[in-house]
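Protein chains in written order, with our numbering: chain A, 9 to 127; chain B, 89 to 201.
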C-alpha cells in the first residue's frame, strides 16, 4: 500500500511555457501532500505543503505565483510551474502523508519524481 | 531552521561488508524515518521509528531510535550491489503545530562487487 505516482516522469519545455506535474495517491487518501525540489547531489528541499480543499502553504523563498499548487481531491495534487525558465530545471518530487493509523499518519510516501528541463 | 547531521556523507564498501550510518540533532524528534533514493527516483521508506530506544529491522536493515531522541542510526548487514544509493534520515518534531519532516543531507553508498 501507500503508493504515490507522478506524471510526467520527465518533461522538456521551452522557456516561458508552463508545465503541470500531477501527484496521485493510488491506494489511499491523502489530505496532505508535499512538493519538494531536489538539485543534483543534494537533499530534498520542501517547497510547499498542499492541503486538500485549502490553499497551499509555501516555504520561505518559494514564489507562490510561480509554483501554483492545487489539491482539489483527496488523491490528486498538481504543481504548475508557470513561465518556466532554465533556472527552474530540477527534479521535483511529491509526497503524501500516510493514512489509516496514527503511525502511518507520521510517515511520508514519495512519488518517483519528475525531471524538468527548461531550454 | 532545524538541522540533521547525517554521516558519513559517502562511503565505499566491499560487497558483503556491513554498513552503518547515523543522524544526530541538537533537537528532540518523536519520529525517525529512513529512506533510500535510487538515481532518478523518489525516496522509498525503509524503516520508521516511533519510540526512544526502539530497534526495528527490515530484512538486512536495522535502525534504532536513540535514547536521547536526538539521534538514530541505520545498519545494513552483508551489503549487496543493489544497496547502492543515497540514504536519507528524516525526523519529525513533537508538538510543532504543523507536520514537517526535517531531512539529513544523505549518505551516498557505493558497493564494490
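Think of the CB as a built atom: it goes at the ideal place given N, C-alpha and C, for glycine as much as any other residue.
A quick note: this is a predicted structure, and the numbers were derived from the prediction, not measured.
Looking only at its own chain, which residues have a Cβ that is under 6 Å from the Cβ of residue i, when we skip the five neighbours before and after it?
| i | result |
| --- | --- |
| residue 174 of chain B | 125, 194, 196 |
| residue 32 of chain A | 13, 83, 84 |
| residue 58 of chain A | 41, 64, 77, 79, 85 |
| residue 178 of chain B | 121, 189, 191 |
Which residues mark the beginning and the end of the beta strand (DSSP E) in which residue i is found?
| i | result |
| --- | --- |
| residue 118 of chain A | 116 to 118 |
| residue 45 of chain A | 40 to 46 |
| residue 123 of chain B | 119 to 125 |
| residue 20 of chain A | 18 to 21 |
| residue 99 of chain A | 98 to 105 |
Since residue i sits in a beta bridge, which residues does DSSP pair it with?
| i | result |
| --- | --- |
| residue 103 of chain B | According to DSSP, residue 103 of chain B bridges with nothing at all. |
| residue 28 of chain A | A:88 |
| residue 78 of chain A | A:86 |
| residue 53 of chain A | A:45 |
| residue 15 of chain A | A:30 |
Apart from the five residues just before and just after residue i, which ones in its own chain have a Cβ nearer than 8 Å to its Cβ?
| i | result |
| --- | --- |
| residue 96 of chain B | 109, 195 |
| residue 81 of chain A | 60 |
| residue 119 of chain B | 136, 137, 138, 179, 180 |
In chain order, what residues of the same chain have a beta carbon less than 7 Å from the beta carbon of residue i, not counting five sequence neighbours either side?
| i | result |
| --- | --- |
| residue 47 of chain A | 98 |
Just list the beta strand (DSSP E) runs in the segment 144 to 193 of chain B, keeping only unbroken ones of 3 residues or longer that don't cross its boundaries, in chain order. 149 to 153, 159 to 164, 173 to 180, 189 to 191
Counting only Cβ-Cβ distances shorter than 9 Å, please list the residues of the segment 113 to 147 of chain B near chain A, keeping chain order. 118, 119, 121, 123, 125, 128, 129, 130, 131, 132, 133, 136, 138
In the segment 150 to 179 of chain B, which residues sit with their C-beta less than 8 Å from some C-beta in chain A, listed in chain order? 176, 178
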